[in-house]
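Asker: In this note's numbering, the protein residues as written are 726 to 1003.
Glycine included, each C-beta is placed from N, C-alpha and C at the ideal position.
Input: one structure, supplied below.
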């Protein structure tokens, strides 16, 4: 999508599958499976959708996906088909070395796994060696010593090598990254989870991260069971829906398969999505 002097494109790191019951929380299976069909292991296929923002001065990537470090058990558990980001960037005539800034919604493995990789000697190195990685300070602190709830979703190999190389910038709450692009801490899915707002020309875009991972999570009651602070997720979801309906913000869904962005409208209390290709 062209935005005057800038451009916003959806890039992908592939797909993964998560347990449908966990993904939809308290919603009964008989309800959610009418919208999205699980596989024989009750898993729902999800996209790993990332955002590339190109301005005259910066190539900004929002999240890095799974990367290439997952072991066989993780690959089987989540039916991973990942490590597609480099190919996706190449289609836009970019390489990892061309990325100057990376905004991380949080440090869970499917959002930050692509920040590091193993070199030929088996050493962990930054996958984007010239990029400064922007993440909330409380997210870094929590991920260094994760709680019993979060530790199964965080891999310290994804970010500790970046700290050693001074490639992480820790944000403290709402932050303007460059004029027209800001982040907002939300909590909800994890401590320090953040979303990204883009206002460029007449266009308004919000990358909703894990607050609204798919179009099926537009419904307020559809909150994932693994969200650490579900009521924060709920409150921010309602704010984003209101902004989308009343102020024309374009929503980008972090895990949608198919139509990964759309405008919202409301009629008699029913929400409808107008899909948009990025």
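In chain order, which beta strand (DSSP E) runs of at least 3 residues are fully inside the segment 736-818?
Answerer: 768-779 and 784-787
Asker: In chain order, what residues of the same chain lie with their CB nearer than 6 Å to the CB of residue 865, ignoring the 5 residues before and after it?
Answerer: Numbered from its first residue, the chain shown carries residue 865 at position 140. These residues qualify, in order along the chain: 895.
Asker: How long is the line joining the alpha carbons of residue 994 and residue 944, rounded to whole angstroms?
Answerer: Walking along the chain shown from the start, residue 994 turns up at place 269. Walking along the chain shown from the start, residue 944 turns up at place 219. The straight-line gap from Cα to Cα measures roughly 11 Å.
Asker: Among 820, 915, 815 and 835, which residue has its Cα nearest to the Cα of residue 743?
Answerer: In the chain shown, residue 743 corresponds to position 18, counting from 1. The shortest C-alpha to C-alpha distance from residue 743 to any of 820, 915, 815 and 835 is the one to 835.
Asker: DSSP three-state call for residue 881: helix, strand or coil?
Answerer: Residue 881 sits at position 156 when you count from the first residue of the chain shown. In the structure shown, residue 881 sits in a helix (DSSP, three-state: H, G or I).
Asker: In this structure, what does DSSP give as the bridge partners for residue 922?
Answerer: What you label residue 922 is simply residue 197 of the chain shown in a count that begins at 1. In the DSSP output, where bridge partners are listed per residue, residue 922 has 907 and 931.
Asker: Mind checking which residues open and close the beta strand (DSSP E) that includes residue 894?
Answerer: Stepping through the chain shown from its first residue, residue 894 is reached at position 169. Note, residue 894: beta strand (DSSP E), 893-896.
Asker: Only counting the same chain, and skipping five residues up and downstream in sequence, which positions put a Cβ closer than 8 Å to that of residue 947?
Answerer: Taking the chain shown and counting its residues from 1, the one referred to as residue 947 is at position 222. Excluding residues within five positions, the ones whose Cβ falls inside 8 Å are 749, 750, 752, 757 and 941.
Asker: Is it the case that the segment 846-854 contacts the segment 796-808, given that we only count it when at least three CB pairs across the two stretches are under 8 Å?
Answerer: no
Asker: Since residue 977 is in the beta strand (DSSP E), which residue starts that stretch and which ends it?
Answerer: Numbered from its first residue, the chain shown carries residue 977 at position 252. First-last of the beta strand (DSSP E) with residue 977: 975-977.
Asker: Name the two residues that bound the continuous alpha helix (DSSP H) containing residue 955.
Answerer: Position 230 of the chain shown, counted from the start, is the residue given in the question as residue 955. Looking at the DSSP string, the run of the alpha helix (DSSP H) that includes residue 955 is 955-972.
Asker: In the DSSP output, which residue or residues are listed as bridge partners for residue 733?
Answerer: Residue 733 sits at position 8 when you count from the first residue of the chain shown. Beta-bridge pairing links residue 733 to 778.
Asker: Please go through the same chain and pick out, in chain order, the residues whose beta-carbon is closer than 7 Å to the beta-carbon of residue 963, but skip the five residues on each side of it.
Answerer: Translated into the one-based positions of the chain shown, residue 963 becomes position 238. So the qualifying residues of the chain are 945.
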